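Each position in the sequence shown, counted from 1, maps to that position plus 749 in our numbering.
Built from N, CA and C at the ideal position, the CB exists for glycine as well.
Predicted model, so just to flag it, every value in this text is computed and none were measured.
In what follows, a structure is listed as structure tokens, so that the remarks can point back to it.
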Amino acid sequence: MTYKQAQSIYGIQGRSTVLTWLRKHGKMDWTTNPRKNTMPKSPRANETPAQKIKRLEQELEDERLRCLLLNRVVDILDAEHGMSLRKKYIAKEQEAFKKRRK
750 MTYKQAQSIY
760 GIQGRSTVLT
770 WLRKHGKMDW
780 TTNPRKNTMP
790 KSPRANETPA
800 QKIKRLEQEL
810 EDERLRCLLL
820 NRVVDILDAE
830 HGMSLRKKYI
840 AKEQEAFKKR
850 RK
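Shown next, in the form of structure tokens:
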């Protein structure tokens with residue numbers, strides 16, 4: 750492969766860039782085609798729709814539990830230690846929501 754071919758294949762504009770690179774790394778085999786940058790296939794690529802739905806439902810349930818845990822921790826900190834970690838507008842919305850629920 751000539752430097753002009755390398756320029757056209759790899760989209761390199763400067764001649765000196767290619768020549769410098771070839772001097773540095775010139776021991777490579779230029780007869781084969783350049784390898785394409787492809788992303789590795791993830792194990793999720795072979796999932797059936799049912800498996801994907803089940804996995805996503807599990808992730809959703811995990812996030813719900815995580816959210817409940819964090820809210821519970823914040824509630825305990827508010828009640829026992831007098832720390833207000835929530836933003837005020839969130840607290841106001843919660844109070845309004847609690848009033849609507851009753």
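Residue range of the unbroken alpha helix (DSSP H) whose run includes residue i
| i | result |
| --- | --- |
| Asn-820 | 798-830 |
| Ser-765 | 764-774 |
Three-way DSSP call (helix, strand, coil) for residue i in this model
| i | result |
| --- | --- |
| Gln-843 | helix |
| Thr-736 | The requested residue 736 is not part of the displayed model; the chain covers only 750 to 851. |
| Arg-835 | coil |
| Ser-757 | helix |
For residue j and residue i, believed in contact at Cβ under 8 Å, the rounded distance
| i | j | result |
| --- | --- | --- |
| Val-823 | Arg-835 | 6 Å |
| Val-853 | Ile-758 | A query on residue 853 cannot be resolved here, the shown segment of the chain reaching from 750 to 851 and no further. |
Residue nearest to residue i in terms of C-alpha spacing, selected from the options
| i | options | result |
| --- | --- | --- |
| Asn-820 | Ser-833, Leu-809, Glu-808 | Ser-833 |
| Gly-775 | Ser-791, Ala-755, Lys-841, Leu-805 | Ala-755 |
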